[in-house]
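A quick write-up on the structure given underneath.
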Amino acid sequence: MIRLVPLAGLAPVAQLSQNTLRGDGFVNDLVQILAVVPASLLRAVIILALSIFFGTILALLAQHRIPVVTQVIHVYVSFFRGVPVLVQLMFWYYFLPQLVGAALRTAGLPGTGADDLSADAILIFTYVLCFSAYLTETATAALNSVPAEQRQLAASLGYSPWQATLRVVLPQAALYALPNICNMFVMLVKVLSLGFTIAVVDIFAEAKIIAGFYGDYIVVYTADALVFWGLCIVLTIASNHVIRATGSRRGVADFELA
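Right, here's the structure in full:
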C-alpha cells in the first residue's frame, strides 16, 4: 500500500532543499564574508597597537611602585580582566556617548555625543581598555624576565634609567612578550565578533546578515566557521615565522604558538 504524503508536509523539506542547495550559495557566502576580513584585521591591528602602547606604559609605571598610582593600576587590571568583554561593550555603548555629550556641553562645543561617535569608535575604545589590562600583565612579566644585570651593565655604560629602559630593557622584553602578543592578536580577531551587538559589521556580523536574508543558517555559519579557522591558521603560521625570525636575529631560542 502506497502512503500518500500531503503536499503541505513537503513544504519544510522543499524550503530546506532550496536554502541548502541554492546554486553557488556556499561560494557566494564565502566571498561576501571574506570581503569584510580586511576591515576586521585593521580593527584588530589598531586595537593591538594601542593596547601594547598603553599596557607597556602601565607596566613601567607599576614597576616604579608609585604610591596610589600602583594601586589604581592593579584595580584597573583586575576590573577589566574580570568583567566579560560583552558587558564592557554594552556599558560603553550606552555610556560613552553620554559622557562625550556632557564633555561637549561643558566645553561649550556643538554636538550631543549620541551621533558624534561611531560604533567602530566605541568598539575600539572598549577593546583597547580591555586588552590594555591583559597587555599590562604581559609587559610586566616580560620586563621581569630581563636579567637585572642588563640594567647594571647599561648604567655602567653611562645610560640613564630611562635610556636603559628604552634601549636595553624594552627590546629584550619585547622578545619575551612577542609569543603572547601574537597569541593575543589571534584571540582578538575572534572576540571582535562581539561587535555585532552594537551593529559593527565584522566576519560574524556579515554571516549573520547573510543568514538572516537567505535563511540557510547552516550553510552560512559553516562558511563563517571556515573563514575564522582559515584566518587563524594563517595568522598562527605568520606569527610563528615572525617569532622565529626575530629570535634568530637576536640569538634567542625559538618560541612557537600552538
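First residue of the sequence shown: 35, per the numbering used here; consecutive thereafter.
For glycine and all other residues, C-beta sits at the position ideal for the given N, C-alpha and C.
Here the structure is a predicted model, which is why all the values come from computation and not from measurement.
Simplified DSSP state of residue i, which is helix, strand or coil
i: I243; result: helix
i: A188; result: helix
i: H98; result: coil
i: L151; result: coil
i: I277; result: helix
i: D236; result: coil
i: D250; result: coil
i: S194; result: coil
i: F159; result: helix
i: G59; result: helix
i: L143; result: coil
i: V117; result: coil
i: V134; result: helix
i: P213; result: helix
i: A69; result: coil
Beta-carbon gap between residue i and residue j smaller than 8 Å
i: V234; j: D63; result: no
i: R77; j: L177; result: no
i: V223; j: L265; result: yes
i: W196; j: T160; result: no
i: V103; j: L94; result: no
i: R99; j: A167; result: no
i: L82; j: F230; result: no
i: V70; j: I237; result: yes
i: L228; j: L123; result: yes
i: A153; j: I271; result: no
Straight-line Cα distance separating residue j from residue i
i: D250; j: I244; result: 9 Å
i: L55; j: P72; result: Model confidence at L55 stands at a pLDDT of 46, short of 50, so the residue's coordinates are unreliable and nothing is read from them.
i: Y210; j: A239; result: 35 Å
i: L75; j: P213; result: 18 Å
i: A198; j: A182; result: 11 Å
i: G89; j: L260; result: 32 Å
i: S194; j: G135; result: 44 Å
i: L143; j: V202; result: 45 Å
i: S112; j: Q105; result: 11 Å
i: S179; j: T172; result: 11 Å
i: Y248; j: K242; result: 10 Å
i: G192; j: L200; result: 14 Å
i: A279; j: L138; result: 48 Å
From the options, residue whose alpha carbon lies closest to that of residue i
i: A155; options: L120, I80 and P144; result: I80
i: Q206; options: F87, Q184 and V61; result: Q184
i: M221; options: T280, I267 and F87; result: I267
i: S85; options: I277, A188, C164 and A153; result: C164
i: L157; options: F262, V119 and Y110; result: V119
i: I215; options: Y110, R115, I91 and S273; result: S273
Neighbour flag for residue i against chain D, beta carbons, 8 Å
i: L94; result: Considering every chain present, this structure includes no chain D. It has just one protein chain.
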